[in-house]
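In what follows, a structure is listed as structure tokens, so that the remarks can point back to it.
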Amino acid sequence: MTGETLGAILFSAAQIAGRIRELGDAISRDYAGRDLVLAGILRGAAFFLVDLARALSIPVTIDFIAISSYGPSSQAAGVVRIVKDLEEAIAGRDLLVVEDIVDTGLTLGYLLRILRERGPASLQVCTLLDRSVRRIVDHPIAYRGFELPDTFIVGYGLDYQQRYRNLPFIAVLKPPG
Amino acid sequence: MGIITIARQTGSEGETVAERVATDLGFALIDRSRLERLIQEHGLTGPELDESDEERQEPRPGYSGAVHVDYLQAVLLDLAENENLVVVGRGGQFLFRDCPWSLHVQVVASLSARRANLQRDRDLSEVDADAALVEADRQRAEWIRQHFGAEWGDPAHYDLLVRTDRLGIEGAAAIIRKAAEVREIGGHLAEIVTWVEQRGGSAPGEGLGSHAGFVHPSEAELARVLDFYRIRWQYEPKSFPLAWDPAGHVTEAFTPDFYLPDLDLYLELTTLKQSLVTDKNRKLRKFRQLYPDRRLKVFYGRDFRSLIQKYGGAAPAGPAASRTTPASEREGRSA
């Protein structure tokens, strides 16, 4: 009984698929002959990573990483931490971090600090959605699917209270009431 | 509560002395294995722990251990609020340098004693033991230099030096116990809690630290978010003059809410009524004209509310609270 309702579809399944094909082509070109590792940030990026990997025409290793998120239940002394680490050793390899959405850049900033210390040959970011209006910490983003206005959205990996991730499209979510 | 820091030369049996002191006084021993457990409970993995450890070898190119050292310090300060501690290594003598209820001990031994200890403990030849001693001491000194900008061996950092090959473990521990007694470091829990809270600058202060003294609850919330992501902040550290009278006195100034030193970025939260926002916008324009090199990000009431909501915090109610996002919005992750 959440009372929230789905609003307009911002990006249809076809739009998303089309844009991922373009990103896949660009990444395949840029990483040809290199040792590419895609690192998806759980849970939101799972859908995007899987589709992106299938849009690549070059060999690729996939992996996932999960970190804790800030919330009211965070302990007073709580700090961000890795909940599930990469399985792959990434030193000397070409790491592409795959995000569903980058907004404040705080999560990404933490991850990039951690991952950079492991000595990858290169470290770039690919995000399906970029909500730069909320950015606090800037990072270069090598591959970007769509720029997003400051609205709350769900679908294609993005959730509201863990729901809606499985929608094939991305839609605005209207608040209750 | 009281804190005893033990800095030790490699092979000086400082760890054993520390263990003995902790047992005798009923203090908690904070050595590598205890810290490993604590840090792993907080989710840092092996390589990251190594980065924050003084015995780690060469830092990797481009690596700055500041994040993890900050974290290590936060863990130590957190512990100090709850227990009497004997802290072995890890720059404890610098972290607790200004704490009145601390005792800083350096444990040393002659080269021949250290060599013999190391040969015994690690089953090394004489030559290998000498090389290991030199290398381990060099690494520790380098780690201290890098993170605290100080010389490990400088006697000014210590209250007491004990030499184990002359005093023995028992003798060294007894002297340290006596010194702790003379310094009256035990039984100051409340004072140490206050000391930890005030550490890191004048109130309201800097993160990661105290969250007292904010003008607006949303500022405290932002400070918590920054702390969570281990981003250092300062609250209202600097005012920028915007206007002067003919005599050169400042008649108008702008003080951004936060400064993030690692990003060289100022943050301003504007959670004001619309009528006041107009005036704020005028100030911001002036600021950008006069200080074009200063990086400033402004979060308006609604932006900031949705930002905080994203992180699951209670959104501060404001006059302009026209809601566009669900109150309890939380994404599993992503920032």
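Residue numbers (the numbering used here), protein chains in the order written: chain A, 1 to 177; chain B, 1001 to 1335. Note that CB positions come from ideal geometry on N, CA and C, so glycine has one too.
Would you grab the beta carbon distance between residue i and residue j for me? Rounded to a whole angstrom, and I think it's under 8 Å.
| i | j | result |
| --- | --- | --- |
| G157(A) | R19(A) | Not quite, the Cβ-Cβ distance comes to about 14 Å (not below 8 Å), so this is no contact. |
| V972(B) | I1175(B) | Residue 972(B) lies beyond the range of chain B shown here (1001 to 1335); nothing can be said about it. |
| T1010(B) | A1179(B) | Actually they are not in contact, since the Cβ atoms of T1010(B) and A1179(B) sit about 23 Å apart, beyond 8 Å. |
| D94(A) | P120(A) | 7 Å |
| V98(A) | G44(A) | Incorrect: roughly 10 Å between the Cβ atoms, too far for contact. |
| F1287(B) | L1242(B) | 6 Å |
| R1177(B) | L1025(B) | 6 Å |
| L49(A) | L38(A) | 6 Å |
| D103(A) | E87(A) | Contact doesn't hold; Cβ gap of about 27 Å is too wide. |
| V1075(B) | L1038(B) | 6 Å |
| S1218(B) | L1269(B) | 6 Å |
| V125(A) | R1230(B) | The Cβ separation is near 19 Å, so there is no contact. |
| I1003(B) | I1144(B) | With a Cβ gap of about 18 Å, I1003(B) and I1144(B) do not count as contacting. |
| R1020(B) | A1150(B) | 27 Å between Cβ atoms; not a contact. |
| R1232(B) | D1262(B) | 6 Å |
Tell me where the beta strand (DSSP E) around residue i begins and ends.
| i | result |
| --- | --- |
| Q124(A) | 122–130 |
| P1241(B) | 1240–1244 |
| R1163(B) | 1160–1163 |
| R1008(B) | 1003–1008 |
| E22(A) | Counting along the chain, E22(A) falls outside any beta strand (DSSP E), though it belongs to the alpha helix (DSSP H) covering 13–30. |
| L1103(B) | 1102–1108 |
| Y1300(B) | 1296–1300 |
| E99(A) | 94–102 |
| L86(A) | Neither: L86(A) is in no beta strand (DSSP E) and is coded neither H nor E. |
| L1085(B) | 1085–1088 |
Give the range of the alpha helix (DSSP H) segment to which residue i is assigned.
| i | result |
| --- | --- |
| A171(A) | No alpha helix (DSSP H) contains A171(A), which is instead part of the beta strand (DSSP E) from 170–174. |
| H1147(B) | 1126–1148 |
| L1122(B) | Here residue 1122(B) is Arg; the residue named in the question, Leu, does not match the sequence. Residues 1111–1122. |
| F1094(B) | 1092–1095 |
| E1219(B) | 1217–1228 |
| I114(A) | 106–116 |
Just to confirm my understanding: we take residue i, look at its own chain, exclude 5 residues before and 5 after, and list those with CB closer than 6 Å. What are they?
| i | result |
| --- | --- |
| Q1119(B) | A1129 |
| T5(A) | K174 |
| L148(A) | L129, R131 |
| D150(A) | V133 |
| K1297(B) | L1267 |
| V1193(B) | E1081 |
| D55(A) | Rather than Asp, the amino acid found at residue 55(A) in this sequence is Ala. Here the set comprises I20, R21, G24. |
| G1014(B) | I1006, R1008, V1107 |
| F47(A) | Y156, G157 |
| I82(A) | I67 |
Could you have a look at residue i and say whether DSSP puts it in helix, strand or coil?
| i | result |
| --- | --- |
| Y164(A) | coil |
| L56(A) | coil |
| R43(A) | coil |
| L1265(B) | strand |
| E4(A) | coil |
| E1184(B) | coil |
| S1210(B) | Residue placement at S1210(B) is poorly supported in this model, since its pLDDT is 44, which falls under 50; the coordinates still yield a value, given next. Note: S1210(B) maps to coil in three-state DSSP. |
| T1255(B) | coil |
| R1285(B) | helix |
| T151(A) | coil |
| P1204(B) | Its pLDDT being 40, under 50, P1204(B) is placed unreliably in this model, and the value from its coordinates should be taken loosely. DSSP places P1204(B) in coil when its eight states are reduced to three. |
| D63(A) | strand |
| T1270(B) | strand |
| A1028(B) | strand |
| R135(A) | coil |
| I141(A) | coil |
| V37(A) | strand |
| I9(A) | strand |
| V1196(B) | helix |
Using a Cβ-Cβ cut-off of 7 Å (strictly less than) and excluding sequence neighbours within five positions of residue i, which residues of its own chain qualify?
| i | result |
| --- | --- |
| H1104(B) | T1005, Q1093, H1157, Y1158, D1159 |
| S1012(B) | V1107, V1108, A1109, R1114, T1164 |
| F11(A) | F146, F169, I170 |
| D138(A) | G105 |
| T1251(B) | A1243, W1244, D1245 |
| G7(A) | A171, V172, L173, K174 |
| R1295(B) | D1264, L1265, Y1266 |
| T1016(B) | I1169 |
| F1096(B) | I1003, T1005, S1102 |
Starting from the C-beta of residue i, find all residues in its chain whose C-beta is less than 8 Å away, skip the five residues before and the five after it, and write them out in chain order.
| i | result |
| --- | --- |
| E1191(B) | P1100, W1101 |
| L1124(B) | L1118, A1132 |
Consider the C-beta atom of residue i and the heavy atoms of the ligand HEM; say whether any pair is separated by less than 8 Å.
| i | result |
| --- | --- |
| I1176(B) | By its list of ligands, the structure shown contains no ligand whatsoever, and the ligand HEM lies outside what it can speak to. |
Could you work out which residues of chain D lie near residue i, taking near to mean beta carbons separated by less than 8 Å?
| i | result |
| --- | --- |
| V98(A) | In the structure shown, chain D does not exist; the protein chains are A and B. |
Open item on the list: Does the structure place the stretch 1103–1118 of chain B close enough to the stretch 1159–1166 of chain B that three or more beta carbon pairs sit under 8 Å?
Closed with: yes
Task: Meets three-Cβ-pair contact criterion under 8 Å: the stretch 15–31 of chain A and the stretch 98–117 of chain A - done: no
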